[in-house]
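I have placed the structure first, in the form of structure tokens, so that the comments after it can refer back to it.
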Amino acid sequence: MADLHIRCRILALFICASLCPTAGYAGELQVGFAQLAITPEIVDQWVDVNDDAQFDPDIDEWTDLNGNGVFDPVWIAGFQKQRAAQGVKDDLMAVAVVIDDGDRRIAIVATDTIGLMRKFVLEVRGSVPSDWGIDYLMVHATHNHEGPDTQGLWGPGFFTSGIDSDYMLSLQRAILTAVESAIDNLEPAELSIARIKTDPRTPIKDKRKPIIIDEDIRALLFRRPDQSVIGTVVNFGIHVELAWDKNLLLTSDIAGYLRKGVSEGIYYGDELHLTGLGGTTLWLTGNIGGLMTSGPSDPIYDIFLQQSITSAGHDKARAFGHSLARSVINAATQQEFVPSPQPQLTIRAHEIELGIDNFMLALGTLTGLVDSDPKLHLTPPFVRYLSEVAFIQLGHATITGIPGELYPEIAVGGIENPVGADYVMAPQEVPHLRSQLPGDVNLMVNLANDAIGYIIPKSEWDNAAPWIYGESEETYGEIVSLGPDTAPAIHRAVTEVISSDQSIKTPGH
């Protein structure tokens with residue numbers, strides 16, 4: 071059956087290549103980018119009377135603009151519950167790239183959302199027409215903390231989902247539209263790749279010991295034969311949250327500033343400070359467990375305005391996004407991108423069963439608060455869940471899909487077993503994943519095809535006092551993790567998918 075599928079695929083490609091002047095041939099790389107807005111409509115207006123960034127109908131004032139007698143919120147995800155949007159700072163986007171090497175075709179779509187559960191991803195994949203020729207679709211959430219709730223955890227109450235089902239349907243359609251447009255935009259391309267240092271004046275902070283940061287930018291640059299830019303893929307690990315928890319305007323935060331800066335140039339008002347590369351830019355969030363961020367009071371430097379920013383807000387998000395964009399633009403203009411000639415695609419994906427030991431997450435999953443498909447078992451863990459890891463190789467570059475927020479020490483090493491940890495053991499997630507990746511530039515994409523929460527090394531797991539590193543209170547992480555066995559299971563699955571010599575059909579497709 072597998073041989074028949076391969077023969078049919080080759081025949082279809084041959085017929086298409088014969089009839090379509092824009093079709094790709096084996097060995098000829100084609101790339102197409104597309105983007106479109108996915109910003110939800112703000113229906114009703116409200117005033118935050120007590121300035122707590124939480125809508126309370128008994129305290130706050132609101133205007134029923136559509137006259138239906140109820141408050142119609144867009145619940146913002148990522149920090150506290152009840153954070154209803156008051157307006158739009160800038161559009162949220164779905165950005166797609168389709169890559170075709172003449173034999174295989176993949177699509178990657180990044181959305182400015184907090185996270186997308188695998189059930190949603192499988193529904194999107196199930197709606198992809200077969201004649202699009204997509205061998206693998208990766209759906210990624212940038213982990214934007216300033217967009218709508220797409221997981222159900224940030225609604226008006228503890229047991230009330232924040233998901234708008236109509237918006238989720240429109241988001242599915244938008245993802246499919248972006249992929250279709252990217253296919254329509256396919257054109258011959260040349261690939262070059264780079265690992266880029268960031269500016270030390272805009273540092274990432276690791277908010278939990280051990281302090282391990284996977285801090286470089288990894289980027290793919292696609293050019294036409296005349297060297298004009300078709301598009302850029304940028305992979306970097308930081309929480310997309312710098313507008314922070316008091317923000318009540320929808321915004322794409324760091325990711326949006328980077329995308330626009332790389333493609334269109336860096337502007338302050340109407341003044342151009344640095345010319346962009348052109349084309350379309352796609353942001354993929356890297357390894358962010360731990361957690362990787364810039365806190366409200368952490369100072370960063372706006373390189374273009376030449377001023378330090380020490381408070382959370384849109385100015386900090388802009389400064390950080392522009393700093394990253396500047397690093398990418400400079401790397402391209404200074405010829406730091408290395409060509410990867412005649413790149414061929416390898417695609418592998420493995421399905422993985424995970425146990426949900428976290429009682430509250432298990433309860434939320436079983437009650438439907440989190441929109442997923444749990445599996446019940448008679449033996450522990452009683453609630454289980456199917457997720458997915460993926461590995462894509464394109465020439466000298468690789469893209470590894472991780473279904474949650476990976477602690478960087480699993481990627482780059484440095485796992486510890488501190489005093490106070492719940493398990494006394496040697497590190498389980500070894501050797502570190504980057505040491506096993508075969509490419510010259512290796513992108514690691516968190517929240518790829520799922521959003522299972524933090525992936526914490528088991529030897530650092532700390533759900534009971536005494537707390538690790540002498541902390542006086544519980545460290546953040548375990549509350550939004552499936553459980554202590556998640557990281558070893560993910561590490562094994564990624565190791566297997568990296569080393570496998572067989573292409574695997576997309577799980578659930």
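In the working numbering, the protein residues as written are 71 to 579.
All C-beta atoms, glycine included, are put in the ideal place defined by N, C-alpha and C.
Given that a residue counts as buried once 16 or more other Cβ atoms are within 10 Å of its Cβ, and exposed if not, what is residue i?
i, result
"residue 481", "buried"
"residue 455", "buried"
"residue 214", "buried"
"residue 535", "exposed"
"residue 491", "buried"
"residue 164", "buried"
"residue 216", "buried"
"residue 390", "buried"
"residue 135", "exposed"
"residue 497", "buried"
"residue 478", "buried"
"residue 91", "With a pLDDT of 36 at residue 91, under the threshold of 50, the modelled position of that residue is not reliable, and no figure is offered here."
"residue 584", "Outside the shown range of the chain (71 to 579) lies residue 584, about which nothing can therefore be said."
"residue 183", "buried"
"residue 307", "buried"
"residue 129", "exposed"
"residue 355", "buried"
"residue 194", "buried"
"residue 465", "buried"
"residue 117", "exposed"
"residue 400", "exposed"
"residue 508", "exposed"
"residue 74", "Reliability fails at residue 74, whose pLDDT of 35 lies under 50, so the model's placement of it is uncertain and the value that follows must be treated cautiously. Label assigned to residue 74: exposed."
"residue 229", "exposed"
"residue 363", "buried"
"residue 120", "exposed"
How close, in whole Å, do the beta carbons of residue i and residue j come, if the pair is a contact with beta carbons under 8 Å?
i, j, result
"residue 567", "residue 419", "7 Å"
"residue 221", "residue 196", "Wrong, their Cβ atoms sit about 20 Å apart, outside the cutoff."
"residue 108", "residue 181", "6 Å"
"residue 249", "residue 166", "5 Å"
"residue 408", "residue 298", "Not confirmed; about 19 Å, so no contact."
"residue 370", "residue 272", "5 Å"
"residue 208", "residue 442", "Actually they do not touch by this definition, with Cβ atoms about 18 Å apart."
"residue 457", "residue 417", "About 18 Å separates the two Cβ atoms, so there is no contact after all."
"residue 112", "residue 140", "That pair is no contact at about 15 Å."
"residue 146", "residue 226", "No, residue 146 and residue 226 are not in contact; Cβ-Cβ is about 12 Å, not under 8 Å."
"residue 440", "residue 223", "7 Å"
"residue 288", "residue 511", "5 Å"
"residue 488", "residue 539", "5 Å"
Just reading off the alpha helix (DSSP H) that residue i is part of, what are its end residues?
i, result
"residue 237", "235 to 254"
"residue 333", "323 to 334"
Between which two residues does the beta strand (DSSP E) harbouring residue i extend?
i, result
"residue 208", "206 to 211"
"residue 192", "Run containing residue 192: none in the beta strand (DSSP E); it sits in the alpha helix (DSSP H), 188 to 196."
"residue 426", "Counting along the chain, residue 426 falls outside any beta strand (DSSP E), and DSSP gives it neither H nor E."
"residue 563", "Premise fails: residue 563 lies in the alpha helix (DSSP H), 556 to 569, not in any beta strand (DSSP E)."
"residue 288", "287 to 293"
"residue 306", "299 to 306"
"residue 521", "Careful: residue 521 lies outside any beta strand (DSSP E) and carries neither H nor E."
"residue 265", "260 to 266"
"residue 517", "Note, residue 517: premise wrong, no beta strand (DSSP E); not H, not E."
"residue 106", "100 to 107"
Q.
I'd like to know if the segment 470 to 479 and the segment 511 to 521 are in contact, where contact means that at least 3 CB-CB pairs between them fall below 8 Å.
A. A contact exists between the segment 470 to 479 and the segment 511 to 521.
(Q) Using a Cβ distance threshold of 8 Å, determine whether the segment 101 to 117 contacts the segment 240 to 255, with at least three qualifying pairs required. (A) The segment 101 to 117 vs the segment 240 to 255: in contact.
(Q) Could you tell me which whole beta strand (DSSP E) segments of length 3 or greater appear in the segment 439 to 505? (A) 453 to 464, 467 to 471
Q) Per the contact definition of three or more C-beta pairs closer than 8 Å, is the segment 425 to 434 in contact with the segment 552 to 560? A) By the Cβ rule, the segment 552 to 560 counts as touching the segment 425 to 434, because three or more pairs are nearer than 8 Å.
Q: Determine contact between the segment 386 to 396 and the segment 258 to 272, defined as no fewer than three beta-carbon pairs at a distance below 8 Å.
A: yes
Q. Can we say the segment 306 to 319 touches the segment 377 to 387, given the rule of at least three CB pairs closer than 8 Å?
A. yes
Q) Can you list the beta strand (DSSP E) stretches of 3 or more residues lying completely in the segment 115 to 177, in chain order? A) 115 to 117, 131 to 133, 163 to 170
Q: Determine, using beta-carbon pairs with one atom in the segment 322 to 332 and one in the segment 441 to 455, whether at least three such pairs fall under 8 Å.
A: no
Q: Please list the segments of the beta strand (DSSP E) lying wholly inside the segment 338 to 419, counting only runs of 3 or more residues, in order along the chain.
A: 341 to 344, 350 to 355, 370 to 372, 377 to 379
(Q) With a threshold of 8 Å, are at least 3 pairs of Cβ atoms found where one atom belongs to the segment 111 to 126 and the other to the segment 150 to 162? (A) yes
Q. Given 8 Å as the limit, is there contact between the segment 277 to 295 and the segment 224 to 241, that is, 3 or more CB pairs closer than that?
A. No, the segment 277 to 295 is not in contact with the segment 224 to 241.
Q. Counting Cβ pairs, one atom from each stretch, are 3 or more of them under 8 Å apart for the segment 289 to 306 and the segment 347 to 354?
A. yes
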